[in-house]
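Protein chains: 2
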Amino acid sequence: MNPESFPCQLISWNESYELGRRLAYEIKHSGFRPDLIVAIGRGGYVPARVVSDFLLFSLLASIKIEHWDTAACMRPHATVRFPLAVDVSGKKVLIIDDVTDTGETLRTAVDYIRELGAAEIRTGVLQHKTVSPFVPDYYGEVVAEWKWIIYPWAAHEDLVGLAERVLSVEAQSAREIGERLKERYGLVLEESTLSEVVEELVATGRAQVQEEMYRRAE
Amino acid sequence: MNPESFPCQLISWNESYELGRRLAYEIKHSGFRPDLIVAIGRGGYVPARVVSDFLLFSLLASIKIEHWDTAACMRPHATVRFPLAVDVSGKKVLIIDDVTDTGETLRTAVDYIRELGAAEIRTGVLQHKTVSPFVPDYYGEVVAEWKWIIYPWAAHEDLVGLAERVLSVEAQSAREIGERLKERYGLVLEESTLSEVVEELVATGRAQVQEEMYRRAE
Numbered sequence: 013m014n015p016e017s018f019p020c021q022l023i024s025w026n027e028s029y030e031l032g033r034r035l036a037y038e039i040k041h042s043g044f045r046p047d048l049i050v051a052i053g054r055g056g057y058v059p060a061r062v063v064s065d066f067l068l069f070s071l072l073a074s075i076k077i078e079h080w081d082t083a084a085c086m087r088p089h090a091t092v093r094f095p096l097a098v099d100v101s102g103k104k105v106l107i108i109d110d111v112t113d114t115g116e117t118l119r120t121a122v123d124y125i126r127e128l129g130a131a132e133i134r135t136g137v138l139q140h141k142t143v144s145p146f147v148p149d150y151y152g153e154v155v156a157e158w159k160w161i162i163y164p165w166a167a168h169e170d171l172v173g174l175a176e177r178v179l180s181v182e183a184q185s186a187r188e189i190g191e192r193l194k195e196r197y198g199l200v201l202e203e204s205t206l207s208e209v210v211e212e213l214v215a216t217g218r219a220q221v222q223e224e225m226y227r228r229a230e
Numbered sequence: 013m014n015p016e017s018f019p020c021q022l023i024s025w026n027e028s029y030e031l032g033r034r035l036a037y038e039i040k041h042s043g044f045r046p047d048l049i050v051a052i053g054r055g056g057y058v059p060a061r062v063v064s065d066f067l068l069f070s071l072l073a074s075i076k077i078e079h080w081d082t083a084a085c086m087r088p089h090a091t092v093r094f095p096l097a098v099d100v101s102g103k104k105v106l107i108i109d110d111v112t113d114t115g116e117t118l119r120t121a122v123d124y125i126r127e128l129g130a131a132e133i134r135t136g137v138l139q140h141k142t143v144s145p146f147v148p149d150y151y152g153e154v155v156a157e158w159k160w161i162i163y164p165w166a167a168h169e170d171l172v173g174l175a176e177r178v179l180s181v182e183a184q185s186a187r188e189i190g191e192r193l194k195e196r197y198g199l200v201l202e203e204s205t206l207s208e209v210v211e212e213l214v215a216t217g218r219a220q221v222q223e224e225m226y227r228r229a230e
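Here's what the structure looks like:
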């Protein structure tokens, strides 16, 4: 994968919800009834909440696993940053995340929850990328062609990260930044989203602005 | 409030996101920079994830507080069901929930996090109902007229709960159940949503079905 150009896809809230509905359907119809749902932070918060709703099941907790730093920048290992605050010994646990990419996050979560003594562990994601060596028990959809998927709850951070990559030391307009995002990542942003992204680059000191032209901060 | 009839409002994903964006804007522009965001489970999971995105801040944890049982059924006290797994002593903590209704959930969360030794605690919600004696530090919007707000991540459970209330011992069609939901709660549901809701009533043994007519299970 060329780190300077790769396909990205923005997923809408309604599309994410539909994937959550399908994921919950798969879980329901498998007959598996968890004693606890664990959301993997931060990507699994929204999917786990939606699954919890469709399963009419309120026992939802979270852990935080660190792995991806910013959009498409991988660190070698996943680690549990915030532990689980609930006793799972002898329990059936359903772990939910957004996507399997390398699957490293889910594998780390499963090992961790197993060490805590859970009796049975199953995993579910909205989208399972077939490149992932780890295959979750449940998923809303299979993604065969690798792409970076941008979920709506991560869109601001992901887009700001990608926009920072296309910034050059030469002044460019917001529209030009938008064109580079399209060329390099296949992203077509609404004007209001693009404005919000470049304003954030300026607010966080990553871009300098002068007369509505932006350049990489020095 | 008549427990058999009260105004409800279904909020869409995009509306919820817009409220989250406004909430994050208020926090950002107040100058408050948290050391940790705590989502109150389960209502605060989605709002907290969205706020975390707009603040470009990744330290997100959760607690679970139990208070509301099902749609608009209140239990007298809120209690911490799943504790916080992160050390907050001396830290600035931002607690996020969906809505202030009585404010009892947020008050319980603040007392709990304070006892854990946090240096500073601020609270934020998507929507602040003015009937709530507890006023959060930040909110996306004020709601002056009391209504039961149904967020998309809780819609299935809330709608199933409300539909169960309108079920009678006499057989009725899905359409008739939909009409009662409109009369009593002001809810206008899409046909697919209504089907999903009545199917869930049957699947969970709350309704009996015969020739596409539904009645309260005996």
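In order, the protein sequence lines correspond to chains B and R.
Residue numbering for the first sequence follows my numbering, starting at 13 and increasing by one per position.
Residue numbering for the second sequence follows my numbering, starting at 13 and increasing by one per position.
All C-beta atoms in this analysis are idealised placements derived from N, C-alpha and C, irrespective of residue type, glycine included.
Measuring alpha carbon to alpha carbon, tell me which of B:Val105, B:Phe18, B:Asp47, B:Gly32 ends up nearest glutamate 127 (chain B). The residue labelled residue 127 (chain B) in the question sits at position 115 within the first sequence. The option with the nearest alpha carbon to glutamate 127 (chain B) is B:Val105.
With hydrogens ignored, establish whether the beta-carbon of glutamine 184 (chain B) is closer than 7 Å to any heavy atom of the ligand HEM. As far as ligands go, the structure on display features none, and thus does not contain the ligand HEM.
Would you verify that the beta carbon of glutamate 169 (chain B) is, or is not, closer than 8 Å to some beta carbon of chain R? As a working note, residue 169 (chain B) is residue 157 in the first sequence. True, the Cβ-Cβ gap to chain R drops below 8 Å.
Which residue wins for smallest C-alpha separation from alanine 156 (chain R), given the options R:Tyr163, R:Lys141, R:Pro148? Taking the first residue of the second sequence as 1, we reach residue 156 (chain R) at position 144. Closest option to alanine 156 (chain R), Cα to Cα, is R:Lys141.
Here's the rule: buried if 16 or more other CB atoms are within 10 angstroms of the residue's CB, otherwise exposed. What is valine 214 (chain B)? Sequence index remark: in the first sequence, residue 214 (chain B) carries index 202 (1-based). Looking at its Cβ environment, which holds fewer than 16 other Cβ atoms inside 10 Å, valine 214 (chain B) is exposed.
Looking only at its chain, what residues have a beta carbon closer than 7 Å to the beta carbon of histidine 79 (chain B), apart from the 5 residues adjacent to it on each side? Residue mapping note: residue 79 (chain B) aligns to position 67 of the first sequence, counting from 1. Counting only Cβ-Cβ distances below 7 Å, and skipping sequence neighbours, we find Arg87, Ala90, Glu116, Thr117.
Going by DSSP in three states, arginine 218 (chain B) sits in which element: helix, strand or coil? Position 206 of the first sequence, counted from the start, is the residue given in the question as residue 218 (chain B). Reduced to three states, the DSSP call for arginine 218 (chain B) is coil.
Just to confirm my understanding: we take isoleucine 133 (chain B), look at its own chain, exclude 5 residues before and 5 after, and list those with CB closer than 7 Å. What are they? The residue you call residue 133 (chain B) lines up with position 121 of the first sequence. Val105, Ile107, Val122, Ile125, Arg126, listed in sequence order.
Could you name the residues of the region 168-198 of chain R whose beta carbon sits closer than 8 Å to any beta carbon of chain B, in the order they occur along the chain? Within the region 168-198 of chain R, the residues whose Cβ lies closer than 8 Å to some Cβ of chain B are His168, Glu169, Val172, listed in chain order.
Could you check whether leucine 174 (chain R) and glycine 190 (chain R) sit closer than 8 Å to each other, using their CB atoms as the reference points? Position 178 of the second sequence holds residue 190 (chain R). Position 162 of the second sequence holds residue 174 (chain R). No; because the gap between Cβ atoms is not below 8 Å, this pair is not in contact.
Does glycine 232 (chain B) have its Cβ less than 8 Å from a Cβ in chain R? Residue 232 (chain B) cannot be examined here, being either before or after the span of chain B that is shown, 13 to 230.
Grouping DSSP H, G and I as helix and E and B as strand, with all else coil, what is threonine 82 (chain R)? What you label residue 82 (chain R) is simply residue 70 of the second sequence in a count that begins at 1. Bear in mind that the predicted position of threonine 82 (chain R) carries a pLDDT of just 47, short of 50, making it too unreliable to give a figure here.
Residues of chain R with CB under 8 Å from alanine 66 (chain B), in chain order? Here residue 66 (chain B) is taken as the residue at index 54 of the first sequence, counted from 1. The question names alanine, but residue 66 (chain B) is phenylalanine in the sequence shown. What phenylalanine 66 (chain B) touches in chain R: His168.
Could you check whether the Cβ of valine 50 (chain R) sits closer than 8 Å to any Cβ belonging to chain B? Residue numbering aside, residue 50 (chain R) sits at position 38 when the second sequence is read from its first letter. No, because no Cβ of chain B sits closer than 8 Å to the Cβ of valine 50 (chain R).
Please classify histidine 41 (chain B) as buried or exposed, where buried requires at least 16 neighbouring CB atoms within 10 angstroms. Residue mapping note: residue 41 (chain B) aligns to position 29 of the first sequence, counting from 1. So histidine 41 (chain B) counts as exposed.
Name the chain B residues that come within less than 7 Å of phenylalanine 44 (chain R), Cβ to Cβ? Working through the second sequence from its first residue, we reach residue 44 (chain R) at position 32. Chain-ordered listing is empty here: chain B has no CB closer than 7 Å to the CB of phenylalanine 44 (chain R), the nearest sitting near 15 Å.
Give me the subset of the region 87-98 of chain R whose CB atoms are less than 9 Å from a CB atom of chain B, sorted by chain position. If the cut-off is 9 Å between Cβ atoms, the region 87-98 of chain R has Arg93, Phe94, Pro95, Leu96, Ala97, Val98 near chain B.
Are any of the Cβ atoms in chain R nearer than 8 Å to that of arginine 119 (chain B)? Start at 1 with the first residue of the first sequence, and residue 119 (chain B) comes out as number 107. Judged by the 8 Å Cβ criterion, arginine 119 (chain B) is not in contact with chain R.
State the DSSP-derived secondary structure class of tryptophan 25 (chain R), mapped to helix, strand or coil. Counted from its first residue, the second sequence places residue 25 (chain R) at position 13. Here tryptophan 25 (chain R) sits in helix by DSSP.
Are the Cβ atoms of leucine 31 (chain R) and glutamate 153 (chain R) separated by less than 8 Å? Locating residue 31 (chain R) in the second sequence gives position 19, counting from the first residue. Locating residue 153 (chain R) in the second sequence gives position 141, counting from the first residue. Cβ atoms of leucine 31 (chain R) and glutamate 153 (chain R): closer than 8 Å.
Between valine 62 (chain B) and glutamate 224 (chain B), what straight-line distance do the alpha-carbon atoms span, to the nearest angstrom? Residue 62 (chain B) sits at position 50 when you count from the first residue of the first sequence. Residue 224 (chain B) sits at position 212 when you count from the first residue of the first sequence. If you draw a straight line from the Cα of valine 62 (chain B) to the Cα of glutamate 224 (chain B), it comes to about 40 Å.
In whole angstroms, give me the CA-to-CA distance for arginine 227 (chain R) and valine 172 (chain R). As a working note, residue 227 (chain R) is residue 215 in the second sequence. As a working note, residue 172 (chain R) is residue 160 in the second sequence. Their backbone Cα atoms lie some 14 Å apart in a straight line.
To the nearest angstrom, how far is it from the Cα of isoleucine 39 (chain R) to the Cα of glycine 43 (chain B)? Working through the second sequence from its first residue, we reach residue 39 (chain R) at position 27. Working through the first sequence from its first residue, we reach residue 43 (chain B) at position 31. Taking the straight line joining both Cα atoms gives about 43 Å.
Please say whether aspartate 65 (chain B) and tryptophan 165 (chain R) have beta carbons closer to each other than 8 Å? The residue given as residue 165 (chain R) occupies position 153 in the second sequence. The residue given as residue 65 (chain B) occupies position 53 in the first sequence. For tryptophan 165 (chain R) and aspartate 65 (chain B), yes; Cβs fall inside 8 Å.
If I follow the unbroken beta strand (DSSP E) through lysine 103 (chain B), where does it start and stop? Taking the first sequence and counting its residues from 1, one reaches residue 103 (chain B) at position 91. Careful: lysine 103 (chain B) lies outside any beta strand (DSSP E) and carries neither H nor E.
How would you label tyrosine 197 (chain B), buried or exposed, when you count the other beta carbons within 10 angstroms and need 16 or more for buried? For the purposes of this step, residue 197 (chain B) is taken as residue 185 along the first sequence, with counting starting at 1. The residue is buried, with at least 16 neighbouring Cβ atoms inside 10 Å.
Please confirm whether leucine 193 (chain R) and alanine 219 (chain R) have their CB atoms less than 8 Å apart. Here residue 193 (chain R) corresponds to residue number 181 of the second sequence, with the count starting at 1. Here residue 219 (chain R) corresponds to residue number 207 of the second sequence, with the count starting at 1. Inclusion of leucine 193 (chain R) and alanine 219 (chain R) in the CB contact set at 8 Å is not warranted, their separation being larger than that value.
Quick one: list the residues of chain R neighbouring leucine 22 (chain B), beta-carbon separation under 7 Å, in chain order. For the purposes of this step, residue 22 (chain B) is taken as the residue at position 10 of the first sequence. Under the 7 Å cutoff, chain R gives no residues; its nearest Cβ is about 13 Å from leucine 22 (chain B).
Once you ignore the five residues that flank valine 98 (chain R) on each side, which residues in its own chain have a CB closer than 7 Å to its CB? Translated into positions along the second sequence, residue 98 (chain R) becomes position 86. Cβ within range, chain order: Leu48, Ala73.
Assuming contact is defined by CB atoms lying nearer than 8 Å, are leucine 71 (chain B) and glutamate 169 (chain R) in contact in what I supplied? By one-based count along the first sequence, residue 71 (chain B) stands at place 59. By one-based count along the second sequence, residue 169 (chain R) stands at place 157. Not a contact, by the Cβ cut-off of 8 Å.
Along the alpha helix (DSSP H) that carries lysine 194 (chain R), what are the first and last residues, could you check? The residue given as residue 194 (chain R) occupies position 182 in the second sequence. For lysine 194 (chain R), the uninterrupted alpha helix (DSSP H) run begins and ends at 186-197, by DSSP.
Beta-carbon proximity list for threonine 82 (chain B), same chain, < 6 Å, skipping 5 on both sides: For the purposes of this step, residue 82 (chain B) is taken as residue 70 along the first sequence, with counting starting at 1. Its pLDDT being 47, under 50, threonine 82 (chain B) is placed unreliably in this model, and the value from its coordinates should be taken loosely. Contacts found: Gly173.
Can you list, in chain order, the residues of its chain whose CB lies under 8 Å from that of tyrosine 57 (chain B), leaving out five sequence neighbours each side? Your numbering for residue 57 (chain B) matches position 45 in the first sequence. Listed in chain order, the non-local C-beta contacts of tyrosine 57 (chain B) below 8 Å within the same chain comprise Ala51, Ser74, Trp165, local neighbours out to five positions each way being set aside.
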